[in-house]
Amino acid sequence: RRVAHALTQGFVPGPPPRLEDFDVGLLYEPAGHAVGGGDLFGLWRMPSGDLAVLIGDVSGKGLEVAAASAMVRFFVEARTWDAMCPAEVLAQTNALVTGRLPDVMFVPAFLAIIDRETIRWCNAGHPRPVVLRADGSELELRGTGLPLGVEEDGRYTEERAPFGPGDVLFGATDGLSEARRGGEQFGAARL
8 RRVAHALTQG FVPGPPPRLE DFDVGLLYEP AGHAVGGGDL FGLWRMPSGD LAVLIGDVSG
68 KGLEVAAASA MVRFFVEART WDAMCPAEVL AQTNALVTGR LPDVMFVPAF LAIIDRETIR
128 WCNAGHPRPV VLRADGSELE LRGTGLPLGV EEDGRYTEER APFGPGDVLF GATDGLSEAR
188 RGGEQFGAAR L
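To convert a position in the sequence shown, counted from 1, into the working numbering, add 7.
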């Protein structure tokens, strides 16, 4: 349990930092209070001052998955120091993790970079995050590539949309929609 807890700190690094101009929240609770899951989260300032947001989920459970989650999390953040394009960052991360992950393991991941006016994202097979607009409208941030680790030369593209004061980015791993109570899944509609 101590090893799993230490690994978890690598891919879900505690409470999010306080950020000027942004309110941030994070809830992480492994299913059934399991020791290690594959969910990963990251939030950091880029050298440009823009905000990077990462949500992902390595397939599987256990210590091997926890180690892979920490590896992916750190590869993504490290690549953002040299690349400002979410698609480029995930393509580079994909090239790094393909061959390092067991054949049965893959990583749906979502990376967004937010400045004062725009959200730019790449969604590598992750459940679609949603931008809840201050005006009451919604925008699903659709997929723009395969999960990491599926194809070594996977293609990833970047999308962009306005993101302004009062807009909310909401993202979750499939663990939330697949959570069960009384045998019934929470589901996408309730989410």
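Idealized CB from N, CA, C, for every residue including glycine. Note that this is a predicted model, so its numbers are computed, not measured.
May I have the straight-line CA-CA distance separating residue i from residue j, to the nearest angstrom?
i, j, result
"residue 7", "residue 27", "Residue 7 is absent from the structure shown; the chain starts at 8 and stops at 198."
"residue 135", "residue 149", "5 angstroms"
"residue 88", "residue 61", "14 angstroms"
"residue 123", "residue 94", "20 angstroms"
"residue 191", "residue 68", "21 angstroms"
"residue 116", "residue 29", "22 angstroms"
"residue 133", "residue 158", "16 angstroms"
"residue 91", "residue 57", "9 angstroms"
"residue 178", "residue 137", "7 angstroms"
"residue 199", "residue 147", "Because the chain spans 8 through 198 in this model, residue 199 falls outside it and cannot be assessed."
"residue 163", "residue 142", "30 angstroms"
"residue 49", "residue 189", "32 angstroms"
"residue 114", "residue 71", "13 angstroms"
"residue 86", "residue 53", "10 angstroms"
In terms of residues, what are the limits of the alpha helix (DSSP H) holding residue i?
i, result
"residue 102", "93-104"
"residue 153", "First-last for residue 153: undefined, no H or E at that position."
"residue 87", "70-87"
Could you check if residue i is buried or exposed, using at least 16 other CB atoms within 10 Å of its CB as the buried criterion?
i, result
"residue 167", "exposed"
"residue 165", "buried"
"residue 63", "buried"
"residue 104", "buried"
"residue 111", "exposed"
"residue 77", "buried"
"residue 25", "exposed"
"residue 173", "exposed"
"residue 45", "buried"
Identify the continuous beta strand (DSSP E) that holds residue i and give its terminal residues.
i, result
"residue 118", "116-121"
"residue 177", "175-177"
"residue 111", "Neither: residue 111 is in no beta strand (DSSP E) and is coded neither H nor E."
"residue 125", "125-131"
"residue 31", "Segment: none, residue 31 is in no beta strand (DSSP E) and carries neither H nor E."
"residue 140", "Here residue 140 belongs to no beta strand (DSSP E), and DSSP marks it neither H nor E."
"residue 165", "Unbroken run through residue 165: none, as it is neither H nor E."
"residue 59", "58-64"
State the CB to CB distance for the pair residue i and residue j, rounded to an integer number of angstroms; the pair is presumed to be in contact (CB under 8 angstroms).
i, j, result
"residue 131", "residue 108", "That pair is no contact at about 13 angstroms."
"residue 151", "residue 129", "5 angstroms"
"residue 80", "residue 118", "Residue 80 to residue 118, Cβ: 11 angstroms. No contact."
"residue 83", "residue 75", "About 13 angstroms; that fails the 8 angstroms criterion."
"residue 170", "residue 120", "With a Cβ gap of about 10 angstroms, residue 170 and residue 120 do not count as contacting."
"residue 96", "residue 139", "Not quite, the Cβ-Cβ distance comes to about 25 angstroms (not below 8 angstroms), so this is no contact."
"residue 161", "residue 98", "7 angstroms"
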